[in-house]
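Here is the structure we will look at, set down as structure tokens.
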Amino acid sequence: MKKASVLMIIGPLLLLGLYFFPLWNIMLGAPQYPEPLGMNIHITGIQGVSEFDLQNIDGLNHYIGMKVIPKPEDMWEFTVFPYVIGGMVALGVIIGIFGLMHKVSYKWFLGWFILMSILGILGMYDFNAWLLDYGSNLDPHAIIKVVNPDGTPMTYKPPLLGYQKMLNFDVTSLPHTGAYMMFIGMMLTVVAFFVGKKAIKPKTPLS
Amino acid sequence: MKKINYSILALLGLVMVFTSCNDSGKKSSNGALASNNAEKVYVAPGEQDEFYAFMSGGYSGNLTVYGLPSGRMFKEIPVFSQFPTSGYGYSEETKPMLNTSFGFVPWDDSHHPDISQTNGELDGRWIFINGNNTPRIARISLSTFETEEIIELPNSAGNHSSSFITENTEYVVAGTRFSVPVPQRDMPINEYKGNFKGALSFVSVDPEDGRLDLKFQIMMPGFNYDLSHPGRGKSHGWFFFTTYNTEEANSLLEVNASQNDKDFIAAINWKKIEEYVNNGGGTKMPANYAHNVYSDETHTATSTMEKEVLTVDPTKVPGAVYFLPTPKSPHGCDVDPTGNYIIGNGKLSADLTVHSFDKMLAAIDGKKFDGEAYGIPILKFDDVLAGTVKSGGLGPLHTEFDGKGNAYTTFFISSEVVKWKLGTWEVIDRKPTYYSVGHLMIPGGNSAKPFGKYVVAMNKITKDRYLPTGPELEHSAQLYDITGDKMELIYDFPTHGEPHYAAGIPAEILAPKSQKIYKLAENKHPMATLGVNDARVERKGNEVHVYMAMIRSHFTPDNIEGIKVGDKVYFHITNHEQDFDVPHGFAMIGANNSELLIMPGQTKSLVWEPKEVGVWPFYCTDFCSALHQEMQGYVRVSPANSNIDLSWSLGE
Ligand SMILES: [Cu+2]
């Protein structure tokens, strides 16, 4: 149980990486942009990969009527997410410490993982909803209006994950360091669960 | 006998086989060679060149930037000449750059670029170039590739033995080709001899920001100081100038200045003179010369008139100046990478004279003088001579070095480059040029560490090298591969203006620090419009100031009313882009100056004096975006006595 509890402490701590590294990254390359423009999505807000990338993405997007990239104060998520992550780290570490003190069973470890997964899925859902709004809620007076072959207006939702061609841009959307650390951290709590379970089981017949 | 005959026949047959083999071998190897040459200069689409080459523009007054080995031209940097393409010398900000003691001089003849050095090696911070006609030295930033500073040189005329820098960029040095009365005065021309002076100017360079300061001028006898180069390594602290017209003729110089069998190379111990000056030596004399400085924070130049210069009489500083007799009106004065050999290119002879710095020091120590000229000791020719290169060519002008013990000299009259060996003075190779070559350039060839891969020959006569373009042709450059024992001509390309000298540097030193934009947040131009809400129009009497912003694809404001005939309208325009390679232009119908080409984050101002009532358009001249054609606006001009209020708008 000691090994499992230590893993349960380390796992949630890895989520602290989200305060230092981006969660997600979207890169936009085009013939005119051999060095692609890019945005890094942190839990606290969106930043340009290079100093003026956000300004330049906004400048290009105004032609097709997209809104400007939101500032941290424009979206509640960037205020709430840091608290949610902080709360989950604290909760996970407390569960781990209680595990060390044999005050909680290994099942709590899985409980934390399930809660974190639900929150993660909700987060992704929310992120995707924003991408959809950002890419399709266009200014009706947009300078350039492109229609799909079926006559519907073209929208510009960046992919949640992977690559997509959008007009002259090649858009690639991938998790970044923060997400990978979160993923590893969450996996460690699952490992903690199984290690904890294994440590208990052989003892059952004896006790 | 028969046997022998057969074997002879067989032998003959074999010889024939071998010969034909050789023949076919030669042909195919020639073909292979030719295609190999094509490969050597071929820089595939999307690939970049290995070297930058900065070529002086000669009578264009500017500096052009090329790539080697491709010979592709990247940019013309305006230096001494107005440049309507960008508005340099037309915009309110840059007009002061061309201010001189003679007033606004919109042109010059630029000759010899030289890149800054640290410990004798190219450091790629700045490039300097001289204006020959109205004596000036310019400093150009090698991160913005823009002219940042121009200093005028008083007491100088025909600023030709310039602008060469010392081993640590302590000084950029400038000698006068034409001696003149100092101070200038009304006197008979034929009293030249003994009365005119030749000023050698030492302009210090601030190691931090590159700021120029005319520290002292050495007032030499009235010869023609033709070219110069710094000592390096062991000869660091010395500077060498070729002279001609030591006859001091004032007319028909082509005959009268070619009478002396030997002229001089003047060896100047500038460290000694610097020490003398630092200890309070020298005489301050009144002067009047412009010092123009451009700031890339305010995007504005200021011109200051300096009123004094410190002059040094060389005879007052013992041991500081010597003359080395050098045959046949030497032109180029070149110092090898070790600093030991000083090459005088006697332009009326077939031979090169090579002096030895070590022997010069020994001769000075032994006080073996061959008389003096105006109080300056003349060393004995044989005491300082290291050797003579019996070139077999005619009219040697300039020499560069490959850093592998070889030197390359151009011959104007016999139209060729000759490769020879330092120390043995033997000629190794010679290749024709097309035609009548002046300078040549090896990247880093004027430093302790040349990059001896290519030599570029810059020719004075083009004739039939390219498709004809009427009587006036661009000049022609040839590129030679010098990595082997023999030089190989691999390319031939036209150059803009008349490149005299050039300076080359590996791309890897400069390319990474080439600036992409000016940051708007760092724009300190007093007339900048940093936010669109600051865009406005203000009237001060009949002066109207338009504070305008530009971004893809509109001007703010783009409708202006309340301007009157007789107004002087200043457009102060700020480019709000912060994206690489998105300049915008500004052109106003009927403006009597030029357009403005404004880089991201930059502010430029143009004056327009409307002469007629009407509604007059302006537009962006740079195809900046898909809606570039929409990037336009109107100014309403009313009669002088109208009382229409100033107003401005965008999108109303
Ligand atoms: Cu434009």
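Just so you know, the sequences run in chain order R and Y.
Numbered per the numbering used here, the first sequence finishes at 192, counting up by one with no gaps.
Numbered per the numbering used here, the second sequence finishes at 774, counting up by one with no gaps.
Ideal Cβ placement from N, Cα and C applies to all residues, glycine included.
Everything numeric in this text was worked out from a predicted model, so none of it was measured.
| Item | Value |
| --- | --- |
| Chain Y contact residues for residue 23 (chain R), given Cβ-Cβ distances below 9 Å | In chain order: nothing, as chain Y lies at least about 13 Å away. |
| C-beta atoms of residue 621 (chain Y) and residue 561 (chain Y) nearer than 9 Å | yes |
| Every unbroken alpha helix (DSSP H) within the stretch 717 to 747 of chain Y, with a cutoff of 4 residues, ordered by chain | none |
| Cut-off 6 Å between Cβ atoms - residues of its own chain near residue 612 (chain Y), not counting five sequence neighbours on either side | 159, 162, 163, 601 and 603 |
| Contact between the stretch 133 to 147 of chain R and the stretch -9 to 8 of chain R (3+ Cβ pairs under 8 Å) | no |
| Heavy atom of ligand 1 within 8 Å of residue 747 (chain Y) beta-carbon | yes |
| heavy atom of ligand 1 below 8 Å from residue 744 (chain Y) C-beta | yes |
| Residue 522 (chain Y) vs residue 568 (chain Y) beta-carbon contact at 9 Å | yes |
| Near-chain R residues of the stretch 743 to 756 of chain Y (beta-carbon distance less than 9 Å), N- to C-terminal order | 747, 748, 749 and 752 |
| Residues, ordered as in the chain, of the stretch 671 to 683 of chain Y that lie near chain R by beta-carbon distance below 9 Å | 673, 674 and 675 |
| Residue 630 (chain Y), DSSP secondary structure in three states | helix |
| Per DSSP, the bridge partner or partners of residue 388 (chain Y) | Y:363 and Y:445 |
| Under 9 Å between C-beta atoms of residue 434 (chain Y) and residue 405 (chain Y) | yes |
| DSSP bridge partner residues for residue 160 (chain R) (one or two, in chain order) | R:9 |
| Beta-bridge pairing of residue 428 (chain Y) - partner residues as DSSP gives them | Y:411 |
| Identity of the residues DSSP links to residue 40 (chain R) by a beta bridge | Answer is none; residue 40 (chain R) lacks a bridge partner. |
| Simplified DSSP state of residue 417 (chain Y), which is helix, strand or coil | strand |
| Member of Y:376, Y:359, Y:382 and Y:377 whose CA lies at the smallest distance from the CA of residue 368 (chain Y) | Y:382 |
| Candidates R:78, R:68, R:27 and R:47, of which the one nearest residue 56 (chain R) by Cα | R:27 |
| Nearest residue (CA-CA) to residue 117 (chain Y), options Y:630, Y:754 and Y:662 | Since the first residue of chain Y shown is 123 and the last is 774, residue 117 (chain Y) is not available in this structure. |
| Ligand 1 heavy atom lying under 8 Å from the CB of residue 674 (chain Y) | yes |
| Cβ pair residue 271 (chain Y), residue 416 (chain Y) closer than 9 Å | yes |
| Reference residue 161 (chain R), options R:151, R:145 and R:149, closest by Cα | R:145 |
| 9 Å Cβ cutoff, residue 699 (chain Y) in contact with chain R | yes |
| Contact list for the stretch 97 to 130 of chain R against chain Y, Cβ threshold 9 Å | 128 and 129 |
| Residues near residue 679 (chain Y) by beta carbon distance below 6 Å, same chain, minus five either side | 657, 770, 771 and 772 |
| Simplified DSSP assignment, three categories, for residue 577 (chain Y) | strand |
| Distance cut-off 8 Å: residue 209 (chain Y) Cβ against heavy atoms of ligand 1 | no |
| Bridge-paired residues (DSSP) for residue 673 (chain Y) | Y:676 |
| Collapsed DSSP secondary structure at residue 286 (chain Y) in the structure displayed | strand |
| Near ligand 1: residue 404 (chain Y) beta-carbon under 8 Å from a heavy atom | no |
| The stretch 627 to 637 of chain Y / the stretch 216 to 232 of chain Y touching (three or more Cβ pairs under 8 Å) | no |
| Under 9 Å by beta carbon: chain Y residues contacting residue 48 (chain R) | 674, 675, 747, 748 and 749 |
| Own chain partners of residue 478 (chain Y) with C-beta closer than 7 Å, once the 5 adjacent residues on each side are dropped | 462, 463, 506 and 508 |
| Backbone CA spacing between residue 442 (chain Y) and residue 411 (chain Y) [nearest angstrom] | 27 Å |
| Buried or exposed (CB count within 10 angstroms, at least 16 for buried), residue 141 (chain R) | buried |
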